[in-house]
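In my numbering, the protein residues as written are 1395 to 1770.
Think of the CB as a built atom: it goes at the ideal place given N, C-alpha and C, for glycine as much as any other residue.
All figures in this text were calculated on a predicted structure; none of them were measured in a lab.
I have placed the structure first, in the form of structure tokens, so that the comments after it can refer back to it.
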């Protein structure tokens, strides 16, 4: 009987097909579990995700420093408090210089926005005129008092949500930083003893990938925002601080973010009538080319020097996979989903590779316990 079994399962193509079948069914099961978890557990409480994302980013950013102080004899609570105070002081000092400049440029941009979009609409109409297509302008509908108050309530609610996210998020991050070892021990206690080493090994790989992504992306976004602002000021682009800030923030979103910053810079350059800075390029095509070259050089430095060394190579995903993940994240959770798409896909990739390496064998080998690390 055993010989018949080995004869049937022995050919390489049968073993390969069985291995792919195991991985395929495992992937289908994970997708079904993820769908039901999202639909019936996560979606009803989706309001907790924005502050939780902010908290997790701060934890991944500050935990290495807190852990380093703890290894040097500083109690974790005091270490978390010291690091938190220094971090908030640095961020507050930076915002005290940045907010007035950006606020002024935002106000100027809001005043110039009607003429900018009018010029853009005129240019688009000129392009369609070449094909004999006439765009019918839509007349603004009269706004009732109820519509006005509805928009006011909507804007007020959005502002309150933003304040809630960036106030509650740091508070959650502080408590997580202080109690992170207890949280880890509690999670480990829920894992069966014979699987604990394996789960810890996979968890460390996922934590390294996510931590590398968040810390690296924040540092790269800071570099892109500062250098882009300086370069755009040099070529003479109006609203250079605002455009640089947008470029840095959207650089957190892979592939799509740099395109948004470049389009905004070109839009401002082709519709403005003034320029300044060191080079003071003429408004229009020269200023648009200068701005595009500045942002292109910054992106090349990011793609070839900074990201490979700062973000690291722990998150290796195909561009098509990243694009599909970004679209799925935007559909499910909006901007926050786009920020989480890459680390989530990296975690899924690590899990699938682990299943492939340890479970995707046929015939199944006798289960062996994972070797635990020697105790110090």
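Exercise. Do you know whose CA, among 1646, 1672, 1687 and 1671, lies nearest residue 1659's CA?
Worked result: 1687
For this session: Please list, in chain order, all residues of the same chain as residue 1464 whose beta carbon is under 7 Å from its beta carbon, the five residues on each side excluded.
Result: Excluding sequence neighbours, residue 1464 sits near 1470 and 1473.
For this session: Any chance you could list the beta strand (DSSP E) runs of at least 3 consecutive residues sitting entirely within the region 1425 to 1459, in chain order?
Result: Those beta strand (DSSP E) runs which fall completely within the region 1425 to 1459 and span 3+ residues do not exist here.
Exercise. Which residue comes first and which comes last in the alpha helix (DSSP H) that contains residue 1615?
Worked result: 1587 to 1629
Exercise. Which of helix, strand or coil does DSSP assign to residue 1697?
Worked result: helix
For this session: Assuming residue 1740 and residue 1607 form a contact by the criterion Cβ under 8 Å, report the distance between their Cβ atoms to the nearest whole angstrom.
Result: 7 Å
For this session: Output the distance between the C-alpha atoms of residue 1574 and residue 1731, rounded to the nearest integer angstrom.
Result: 24 Å
For this session: Quick one: give me the first and last residue of the alpha helix (DSSP H) that residue 1656 is part of.
Result: 1650 to 1665
For this session: For residue 1454, count neighbouring Cβ atoms within 10 angstroms of its own Cβ and tell me buried if that reaches 16, exposed if not.
Result: buried
Problem set entry | Chain-order list of residues whose beta-carbon lies under 8 Å from that of residue 1722 (same chain, five-residue window excluded) | 1731 and 1735
Exercise. Just to confirm, are residue 1635 and residue 1496 a CB contact at a threshold of 8 Å?
Worked result: yes
Problem set entry | residue 1694, buried or exposed, once every other Cβ within 10 Å from all chains shown has been counted against 16 | exposed
For this session: Can you grab the Cα-Cα spacing for the pair residue 1749 / residue 1423, in whole Å?
Result: 13 Å
Problem set entry | residue 1555, buried or exposed, once every other Cβ within 10 Å from all chains shown has been counted against 16 | Classification of residue 1555: exposed, given that the 10 Å Cβ count is below 16.
Exercise. Around the C-beta of residue 1578, are 16 or more other C-beta atoms found within 10 angstroms, so that it is buried, or is it exposed?
Worked result: exposed
For this session: State the start and end residues of the unbroken alpha helix (DSSP H) segment that holds residue 1633.
Result: Where residue 1633 is concerned, there is no enclosing alpha helix (DSSP H), given that its DSSP letter is neither H nor E.
For this session: For residue 1419, count neighbouring C-beta atoms within 10 Å of its own C-beta (all shown protein chains included) and say buried if the count is 16 or more, exposed if not.
Result: exposed
For this session: Name the two residues that bound the continuous alpha helix (DSSP H) containing residue 1721.
Result: 1713 to 1752
Exercise. From residue 1598 to residue 1744, what distance separates their C-alpha atoms?
Worked result: 11 Å
For this session: Please check the pair residue 1477 and residue 1450, which I expect to be a contact at CB under 8 Å, by giving their CB distance rounded to whole angstroms.
Result: With 8 Å as the limit, residue 1477 and residue 1450 do not qualify as a contact, their Cβ atoms being about 16 Å apart.
For this session: Report the rounded CA-to-CA distance for residue 1625 versus residue 1566, giving the unit in angstroms.
Result: 37 Å
Exercise. According to the neighbour-count rule (16 or more other Cβ atoms, all chains shown, within 10 Å of its Cβ), is residue 1445 buried or exposed?
Worked result: buried
For this session: Using the Cα positions of residue 1489 and residue 1483, report the straight-line distance between them to the nearest angstrom.
Result: A straight-line Cα-Cα distance of about 10 Å links residue 1489 and residue 1483.
Problem set entry | Which of helix, strand or coil DSSP assigns to residue 1783 | The structure shown has nothing for residue 1783, since the chain only spans 1395 to 1770.
Exercise. Residue 1560: buried (16+ other C-beta within 10 angstroms of its C-beta) or exposed?
Worked result: exposed
For this session: Measure the CB-CB distance between residue 1619 and residue 1646 and report whether it falls below 8 Å.
Result: It is not a contact, given that the beta carbons lie outside the stated cut-off.
Exercise. What's the gap between the Cα of residue 1538 and the Cα of residue 1715?
Worked result: Residue placement at residue 1538 cannot be trusted, given a pLDDT of 47 that sits under 50; the coordinates are not used to answer.
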